[in-house]
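*Asks:* Each protein sequence line maps, in turn, to chains S and G.
Going by the working numbering, the first residue of the first sequence is number 1, and it counts up by one from there.
Going by the working numbering, the first residue of the second sequence is number 325, and it counts up by one from there.
Cβ atoms here follow ideal geometry from the backbone N, Cα and C, with glycine treated the same way.
Just so we're clear, the structure is a prediction, and the values are computed from it rather than from any experiment.
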Amino acid sequence: MTTMTLLQAINDGLRTEMKNDDRVLVFGEDVGRNGGVFRATEGLQEEFGEERCFDTPLSECGIIGTAIGMAVYGLRPVPEIQFLDFIYPAFDQIVSEAAKMRYRSGGEYTCPMVVRSPYGGGIRGGHYHSQSAEAYFCHTPGLKVVIPSTPADAKGLLISSIRDEDPVLFLEPKRIYRTMKGEVPDGEHVVPLGKGRIVREGRDCTVVAWGAMIETCLKAAEAMEAEGRTIEIVDPRTLVPLDEELILESVKKTGRLVVVHEAPRTGGFGGEIAALAAEKAIAWLEGPVRRVTGFDTPFPYTLEGLYMPDPNRVVRGIQQTFDW
Amino acid sequence: MTERTGIRPEQAMKMLRTMRTIRQLSERIIPLYPKDVMETPVHLCIGQEAVSAGLCIHLRDEDLMVLGHRTHGPALAKGLPLKSLVAELYGRTTGCSHARGGSMHVYDGEHGIPGSSAIVGGNIAVSVGLGLGRKLLGSEGIGVAYFGDGATDAGVFWESLNFAALKEVPVLFLCEDNGLSNVMPKSEHMFADPARIAGEFMPVYRADGTDVLSVYEEAGRAVAQVRESRGPAYLHCTTKRWMQHQGVLEDDLPYNPIDPEKDCPIVRFEEFLLRTRLATPGELAAVGEEIERDLDEAFAFAEASPYPDPEAMEV
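1) Spell out whether any CB of chain S is found under 8 Å from the CB atom of N486(G).
2) So the candidates are G202(S), L239(S) and H129(S); which of them puts its Cα closest to the Cα of K252(S)?
3) Closer than 7 Å by C-beta to I159(S): which residues in its own chain qualify, once you throw out the five before and the five after it? Chain order, please.
4) Taking only beta-carbon positions, decide if R104(S) is within less than 8 Å of chain G.
5) From this set, N502(G), Q570(G), I331(G) and K338(G), which residue's C-alpha is nearest V611(G)'s C-alpha?
6) I need the DSSP call for T2(S), collapsed to helix, strand or coil.
7) Can you confirm whether T140(S), when its beta carbon is compared against all beta carbons of chain G, has any partner nearer than 8 Å?
8) Assuming V315(S) contacts T238(S) (C-beta within less than 8 Å), just tell me the rounded distance between them.
9) Contact criterion: CB-CB distance below 8 Å. Does E51(S) meet it with respect to chain G?
10) Quick one: which chain G residues come within Cβ less than 8 Å of A99(S)?
11) Can you give me, in chain order, the residues of the segment 65-78 of chain S that have a beta carbon less than 8 Å from any beta carbon in chain G?
12) Grouping DSSP H, G and I as helix and E and B as strand, with all else coil, what is P151(S)?
13) Quick check: A263(S) and E134(S), are their CB atoms within less than 8 Å of each other?
14) Using a threshold of 8 Å, state whether the C-beta atoms of C369(G) and H396(G) are closer than that.
15) Taking the beta strand (DSSP E) that D22(S) falls in, what are its first and last residues?
16) Under DSSP, the alpha helix (DSSP H) around S376(G) begins and ends at which residues?
17) Terminal residues of the continuous beta strand (DSSP E) containing P605(G)?
18) Given a threshold of 16 other Cβ atoms within 10 Å of its Cβ, counted over all protein chains shown, does H127(S) qualify as buried or as exposed?
19) What does DSSP give as the partner residue(s) for K181(S) in the beta ladder?
20) Going straight from the alpha carbon of I582(G) to that of M567(G), what length do you get?
21) With 8 Å as the threshold, decide whether the Cβ of T238(S) is near any Cβ in chain G.
22) Mapping DSSP to helix, strand and coil, what is D668(G)?
23) Taking the alpha carbon of L7(S) as the point to measure from, which residue in P118(S), A209(S), I233(S) and G268(S) has its own alpha carbon closest?
24) Does the Cβ-Cβ distance between L602(G) and P333(G) come in under 8 Å?
25) Where D385(G) and G107(S) are concerned, what is the direct C-alpha to C-alpha distance, given to the nearest angstrom?
26) Classify E512(G) as helix, strand or coil using the three-state DSSP reduction.
27) If you draw a straight line from the alpha carbon of S96(S) to that of C111(S), how long is it in whole angstroms?
28) Establish whether the CB of A423(G) and some CB of chain S are separated by less than 8 Å.
29) Given S408(G), which residues of its chain have a CB within under 6 Å of its CB, disregarding the five upstream and five downstream residues?
30) 8 Å is my cut-off, CB to CB: does T41(S) come that close to chain G?
31) Is C61(S) helix, strand or coil when you go by DSSP?
32) Rounded to whole angstroms, what's the CA-CA distance from M514(G) to E492(G)? Just pull it up for me.
33) Do the segment 337-355 of chain G and the segment 551-565 of chain G meet, that is, are 3 or more Cβ pairs less than 8 Å apart?
34) Quick one: which residues of the segment 386-402 of chain G get their C-beta closer than 9 Å to a C-beta of chain S? List them in chain order.
35) Name the chain G residues that come within less than 8 Å of T3(S), Cβ to Cβ?
36) Whether or not the segment 62-81 of chain S and the segment 439-451 of chain G are in contact is what I'm after, with contact meaning three or more pairs of Cβ atoms, one per stretch, closer than 8 Å; do they touch?
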């Protein structure tokens with residue numbers, strides 16, 4: 001075990017899998033010489049050479065298209081999109097080519113590619129360095145969507161993603177890149193996709209959240225203790241595939257559900273989790289499902305603090321499942 | 325057609341056979357298509373056969389080619405078995421994509437066809453990745469991006485030229501320029517000559533895509549360039565589309581006049597074969613008859629094959 005930040009754990013995960021499997025390649029804008037704008041790929045070019053870790057033009061569509069071609073014929077590309085906000089030029093390649101490769105070939109070809117990208121607000125990045133776009137990709141059959149919230153999970157989920165036969169969007173909560181520290185197993189460490197975790201046990205209300213929102217929800221849960229209510233926090237870790245069982249089990253136990261995400265409310269993945277509870281746990285619900293989310297506006301510039309769910313908003317959301 | 329003597333008779337006959345297979349398959353599809361026996365939209369290749377035949381004779385199974393939406397010609401030329409294609413058009417599980425792809429999404433791992441995309445230009449960057457993968461994995465194969473003039477409008481086309489040149493990727497960019505993007509003439513959808521600008525990034529070759537010998541020669545040079553340099557090249561082939569963009573009706577656009585003799589790569593090539601005594605009229609007729617038998621077999625195979633199990637929605 002080594003104590004690492006979330007960022008160091010991602011770097012360690014990449015290094016571990018590049019050592020383990022020489023089909024693994026890392027490339028993107030500034031990832032080679034510079035080691036990545038957030039330093040996630042630091043030292044990889046020195047260690048593995050320019051063939052396996054290289055810089056690309058500012059060309060997201062080309063980067064992902066190239067990665068797809070590599071993936072369908074024997075390599076394990078891990079391209080980086082510098083900020084998730086920059087992924088839209090590559091949206092077509094991800095949605096039209098990568099996601100459909102297995103299906104439209106009748107299972108003859110798969111596309112084992114991991115697109116890594118920092119996402120989310122909290123670094124005062126403004127409109128185009130802060131967005132949470134996970135829902136677009138969750139809505140696309142054929143893709144997996146993975147979001148770690150701890151250093152150990154970041155490493156273990158990243159290694160599982162690289163070993164997966166299908167395309168994975170690996171979204172990294174950049175706000176907690178350096179602030180989130182924890183013990184990370186050395187060497188081989190695998191966290192399976194599709195298995196969530198109980199971050200904190202509780203009896204009175206289930207809160208489902210991911211990425212940097214876990215910390216926010218933990219603070220809210222502590223505040224609720226003062227009111228004599230214990231809150232259970234579930235981190236699905238992977239939105240697709242979703243650990244439905246874990247969420248439903250928790251909701252059936254507590255009878256209440258709040259979903260928290262940074263992304264805008266309408267069409268956000270919170271709606272999907274609310275629907276899951278409505279479809280499969282309605283008889284256990286004792287109050288309305290609440291969503292605590294970003295707003296239905298572009299990500300703001302100066303109002304970031306108001307836009308992002310904070311512990312007070314989460315507390316209010318939880319209270320509304322009791323008082324209605 | 326210019327006189328050329330360098331071509332070996334067996335290569336000449338192979339190209340003829342490829343072109344006639346593409347043509348005769350199209351001619352079979354035309355009367356059948358309105359009967360709705362096929363499950364897919366079709367983009368026929370009549371008039372454009374020489375580009376596929378003249379290129380693919382230089383390619384090997386280890387060369388990986390990704391196609392656009394007009395797949396039948398290049399896929400057959402690259403080696404996709406006829407019955408595998410026809411079964412896919414019929415939406416049967418014995419099809420090359422197991423009834424999940426259709427005309428626009430054909431796959432054949434054995435013959436180096438890792439797919440095709442109905443998104444115009446969507447295949448180009450994938451081909452660059454295939455070429456780069458060939459190089460990194462130590463294969464002698466190359467990537468081939470097979471696209472039409474409409475794809476040169478797309479940003480990803482230009483991104484791919486840049487990427488391939490910067491990273492010295494062994495990939496051939498093959499532009500099958502039929503002068504039309506659906507019904508838009510090229511002059512209305514592309515301001516410049518993409519092949520000329522591609523010359524800033526890589527060696528460019530140009531061929532008459534209605535003359536299979538012209539394509540054969542220029543594609544030979546372009547493929548050799550990619551193989552030897554382990555870097556990219558661009559091959560531009562002008563040709564003519566006889567049918568409408570999609571479906572089985574003839575094109576009647578006033579700005580796309582077709583001369584069924586002069587514009588026909590098969591008529592032109594057969595004249596050449598007879599004139600140079602590479603084939604006799606009897607041999608030419610025999611090729612056509614043999615293909616008719618192959619088609620009978622392929623369509624019977626497709627019709628007798630099962631539809632996918634409705635329970636098996638997921639792959």
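*Replies:* To lay it out plainly:
1) Here residue 486(G) corresponds to residue number 162 of the second sequence, with the count starting at 1. By this cut-off, N486(G) is an interface position.
2) In the first sequence, counting from the first residue as 1, residue 252(S) sits at position 252. With respect to the C-alpha of K252(S), the residue from G202(S), L239(S) and H129(S) having the closest C-alpha is G202(S).
3) Counting from 1 along the first sequence, the entry for residue 159(S) is found at position 159. G13, T16, E17, H189 and V190, listed in sequence order.
4) Here residue 104(S) is taken as the residue at index 104 of the first sequence, counted from 1. So, interface residue.
5) On the second sequence, residue 611(G) is found 287 positions in, with the first residue counted as 1. Out of N502(G), Q570(G), I331(G) and K338(G), K338(G) has the C-alpha closest to the C-alpha of V611(G).
6) On the first sequence, residue 2(S) is found 2 positions in, with the first residue counted as 1. In the structure shown, T2(S) sits in a strand (DSSP, three-state: E or B).
7) Here residue 140(S) refers to the residue found at position 140 of the first sequence. By this cut-off, T140(S) is not an interface position.
8) For the purposes of this step, residue 315(S) is taken as residue 315 along the first sequence, with counting starting at 1. For the purposes of this step, residue 238(S) is taken as residue 238 along the first sequence, with counting starting at 1. In fact, because the Cβ distance is near 27 Å, the residues do not count as touching under 8 Å.
9) Position 51 of the first sequence holds residue 51(S). Yes, contact with chain G.
10) By 1-based counting over the first sequence, the position of residue 99(S) is 99. Neighbours of A99(S) on chain G: none; closest Cβ ~12 Å, over 8 Å.
11) G65, T66, A67, I68, G69, M70, A71, V72, Y73, G74, L75 and P77
12) Stepping through the first sequence from its first residue, residue 151(S) is reached at position 151. Helix at P151(S).
13) The sequence position of residue 263(S) within the first sequence is 263, counting from 1. The sequence position of residue 134(S) within the first sequence is 134, counting from 1. Yes.
14) Counting from one through the second sequence, the residue named residue 369(G) turns up at place 45. Counting from one through the second sequence, the residue named residue 396(G) turns up at place 72. In this structure, H396(G) lies closer than 8 Å to C369(G) by Cβ.
15) Indexing the first sequence from 1 puts residue 22(S) at position 22. Element bounds for D22(S): n/a, residue is neither H nor E.
16) In the second sequence, the residue the question calls residue 376(G) occupies position 52. Here the alpha helix (DSSP H) through S376(G) covers E373 to C380.
17) Locating residue 605(G) in the second sequence gives position 281, where the first residue counts as 1. Taken as a continuous stretch (DSSP letters only), P605(G) belongs to no beta strand (DSSP E), being part of the alpha helix (DSSP H) at P605 to A628.
18) To locate residue 127(S), count along the first sequence from 1; it is residue 127. So H127(S) counts as exposed.
19) In the first sequence, residue 181(S) corresponds to position 181, counting from 1. Note: K181(S) sits in a beta bridge opposite T5(S).
20) What you label residue 582(G) is simply residue 258 of the second sequence in a count that begins at 1. What you label residue 567(G) is simply residue 243 of the second sequence in a count that begins at 1. When only Cα atoms are considered, I582(G) and M567(G) end up about 10 Å apart.
21) Your numbering for residue 238(S) matches position 238 in the first sequence. T238(S) does not count as touching chain G.
22) Because chain G spans 325 through 639 in this model, residue 668(G) falls outside it and cannot be assessed.
23) Walking along the first sequence from the start, residue 7(S) turns up at place 7. Checked all of P118(S), A209(S), I233(S) and G268(S); the closest Cα to L7(S) is P118(S).
24) Here residue 602(G) corresponds to residue number 278 of the second sequence, with the count starting at 1. Here residue 333(G) corresponds to residue number 9 of the second sequence, with the count starting at 1. Yes, they are a contact pair.
25) As a first step, residue 385(G) is located in the second sequence; it is residue number 61 there, counting from the start. As a first step, residue 107(S) is located in the first sequence; it is residue number 107 there, counting from the start. Taking the straight line from one Cα to the other gives about 20 Å.
26) Locating residue 512(G) in the second sequence gives position 188, counting from the first residue. Residue state, collapsed to three classes: helix.
27) For this step, residue 96(S) is matched to residue 96 along the first sequence. For this step, residue 111(S) is matched to residue 111 along the first sequence. If I take the Cα positions, the gap works out to 12 Å.
28) Counted from its first residue, the second sequence places residue 423(G) at position 99. Judged by the 8 Å Cβ criterion, A423(G) is in contact with chain S.
29) Numbered from its first residue, the second sequence carries residue 408(G) at position 84. So the qualifying residues of the chain are C420.
30) Walking along the first sequence from the start, residue 41(S) turns up at place 41. For T41(S), no CB of chain G lies under 8 Å from its own CB, so it is not counted at the interface with that chain.
31) Counting from one through the first sequence, the residue named residue 61(S) turns up at place 61. Helix at C61(S).
32) Translated into the one-based positions of the second sequence, residue 514(G) becomes position 190. Translated into the one-based positions of the second sequence, residue 492(G) becomes position 168. In a straight line, the C-alpha of M514(G) is about 27 Å away from that of E492(G).
33) no
34) The residues in question are L388 and V390.
35) Here the question's residue 3(S) lines up with position 3 in the first sequence. The premise fails here: T3(S) is roughly 35 Å from chain G at the closest Cβ pair, so nothing lies under 8 Å.
36) Result yes; three or more Cβ-Cβ pairs closer than 8 Å.
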